[in-house]
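Residue numbers (this note's numbering), protein chains in the order written: chain A, 212 to 323; chain B, 29 to 138.
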């Protein structure tokens with residue numbers, strides 16, 4: 212089992228460009244999450260999907276959109292990238308919202 | 029909203045010394061989880077505590093959940109270089125979303 216996979220691993224964007232971060236899990240988990248990690252800020256929840264067909268905002272949703280494509284896949288879209296979105300993005304999944312989370316390897320995004 | 033504060037932000041120890049990180053929530057938690065992130069890696073789940081006053085051990089690591097379910101601690105006895113990394117607590121409250129603390133970065137002098 213691959214667990215949680217994310218693509219791409221690295222990305223450099225110019226201000227105003229758009230991109231989609233992809234995430235997939237093969238553990239048949241119901242819940243999936245997108246976090247961003249900045250130095251000294253811990254992990255901040257952007258959006259999550261408690262179950263297939265639902266999505267909810269987290270702590271820092273502005274500037275992002277998500278799609279729960281099916282039970283396996285949860286994508287994060289930046290419509291118009293800004294330098295403040297330079298960060299490391301982690302996708303995670305869990306059986307249920309209250310259970311342990313399994314994280315992907317992360318995407319390092321730089322916006323110039 | 030729910031906030032989880034973690035201290036200290038950084039800790040540097042000599043190999044063999046003990047290490048403790050503390051986690052405090054602004055609201056009562058239904059459970060608390062601990063994760064470890066190695067440098068350049070992703071967070072990895074260590075343990076979950078659910079009951080008031082619960083204490084769990086994993087080899088040299090001891091995890092505690094406070095009686096009021098608003099605080100928690102992780103204690104490492106006799107640190108080793110393999111313990112290097114950032115330790116995060118994360119709590120679930122009434123909103124049923126996991127909220128992470130800022131993490132404690134542990135470095136060790138061999």
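We put the CB at the ideal spot given by N, CA and C, even for glycine.
Could you give the distance in angstroms between the alpha-carbon of residue 290/A and the alpha-carbon of residue 87/B?
Walking along the first chain from the start, residue 290/A turns up at place 79. Walking along the second chain from the start, residue 87/B turns up at place 59. Each residue's Cα considered, the two are about 47 Å apart.
Using a beta-carbon distance cut-off of less than 8 Å, what residues from the stretch 70-90 of chain B approach chain A?
Hits within the stretch, in order: 70, 71, 72, 73 and 76.
Test: residue 134/B CB closer than 8 Å to a CB of chain A
The sequence position of residue 134/B within the second chain is 106, counting from 1. Not closer than 8 Å to any Cβ of chain A, the Cβ of residue 134/B fails to qualify, so no.
Which of the three DSSP states is assigned to residue 312/A in this structure?
What you label residue 312/A is simply residue 101 of the first chain in a count that begins at 1. Residue 312/A: coil per DSSP, three-state reduction.
Pairing CB atoms from the stretch 98-107 of chain B with CB atoms from the stretch 280-287 of chain A, are three or more of them under 8 Å?
no
Would a check of beta-carbon distances place residue 236/A closer than 8 Å to chain B?
The sequence position of residue 236/A within the first chain is 25, counting from 1. It does not; no Cβ of chain B falls within 8 Å.
When you compare each of 240/A, 298/A and 310/A to residue 214/A by their alpha carbons, which one comes out closest?
In the first chain, counting from the first residue as 1, residue 214/A sits at position 3. Its Cα nearest to that of residue 214/A, the residue 240/A stands out among 240/A, 298/A and 310/A.
At what residues does the beta strand (DSSP E) containing residue 46/B begin and finish?
One-based indexing of the second chain puts residue 46/B at position 18. From DSSP, residue 46/B is part of no beta strand (DSSP E); its letter is neither H nor E.
Are any of the Cβ atoms in chain A nearer than 8 Å to that of residue 119/B?
Numbered from 1 along the second chain, position 91 holds the residue referred to as residue 119/B. Not an interface residue.
I'd like to know if the stretch 38-45 of chain B and the stretch 65-80 of chain B are in contact, where contact means that at least 3 CB-CB pairs between them fall below 8 Å.
no
Check the Cβ-Cβ distances between residue 308/A and every residue of chain B, and say whether any is below 8 Å.
One-based indexing of the first chain puts residue 308/A at position 97. Judged by the 8 Å Cβ criterion, residue 308/A is in contact with chain B.
Figure out for me which residue from 58/B, 52/B and 74/B has the closest Cα to the Cα of residue 5/B.
Limits of chain B in this structure are 29 at one end and 138 at the other, which puts residue 5/B out of reach.
Below 9 Å between beta carbons is the criterion; list the residues of the stretch 34-64 of chain B that meet it against any residue of chain A, in chain order.
Going along the stretch 34-64 of chain B in chain order, one finds 34, 37, 58, 59, 61 and 63 with a Cβ nearer than 9 Å to chain A.
Own chain partners of residue 55/B with C-beta closer than 6 Å, once the 5 adjacent residues on each side are dropped
Sequence index remark: in the second chain, residue 55/B carries index 27 (1-based). Cβ within range, chain order: 30 and 121.
Please list the terminal residues of the continuous beta strand (DSSP E) segment that includes residue 111/B.
Here residue 111/B refers to the residue found at position 83 of the second chain. Residue 111/B -> no beta strand (DSSP E), and no H or E assigned at all.
What do you reckon, are the CB atoms on residue 131/B and residue 34/B nearer than 8 Å?
The residue given as residue 131/B occupies position 103 in the second chain. The residue given as residue 34/B occupies position 6 in the second chain. Yes; because the gap between Cβ atoms is below 8 Å, this pair is in contact.
Could you name the residues of chain B that residue 312/A contacts, counting a contact when the two beta carbons are closer than 9 Å?
Residue 312/A sits at position 101 when you count from the first residue of the first chain. Correct list: 61, 63, 71, 73, 118 and 126.
For residue 44/B, count neighbouring C-beta atoms within 10 Å of its own C-beta (all shown protein chains included) and say buried if the count is 16 or more, exposed if not.
On the second chain, position 16 is the one that residue 44/B refers to. With fewer than 16 other Cβ atoms within 10 Å, it is exposed.
Among 301/A, 307/A, 311/A and 323/A, which one has its Cα closest to the Cα of residue 68/B?
On the second chain, residue 68/B is found 40 positions in, with the first residue counted as 1. The residue with the shortest Cα to Cα distance from residue 68/B is 301/A.
Do you know how far the Cα of residue 315/A is from the Cα of residue 72/B?
The residue you call residue 72/B lines up with position 44 of the second chain. The residue you call residue 315/A lines up with position 104 of the first chain. Near 10 Å, if we compare the C-alpha coordinates of residue 315/A and residue 72/B.
So, under 8 Å CB-CB, residue 224/A and residue 257/A are touching, yes? Tell me the CB distance rounded to an integer number of Å.
Looking up residue 224/A in the first chain gives position 13. Looking up residue 257/A in the first chain gives position 46. Residue 224/A to residue 257/A, Cβ: 17 Å. No contact.
Inspect the beta-carbon positions of residue 126/B and residue 112/B and report whether they are closer than 8 Å.
Locating residue 126/B in the second chain gives position 98, counting from the first residue. Locating residue 112/B in the second chain gives position 84, counting from the first residue. Between residue 126/B and residue 112/B, the C-beta spacing is not below 8 Å.
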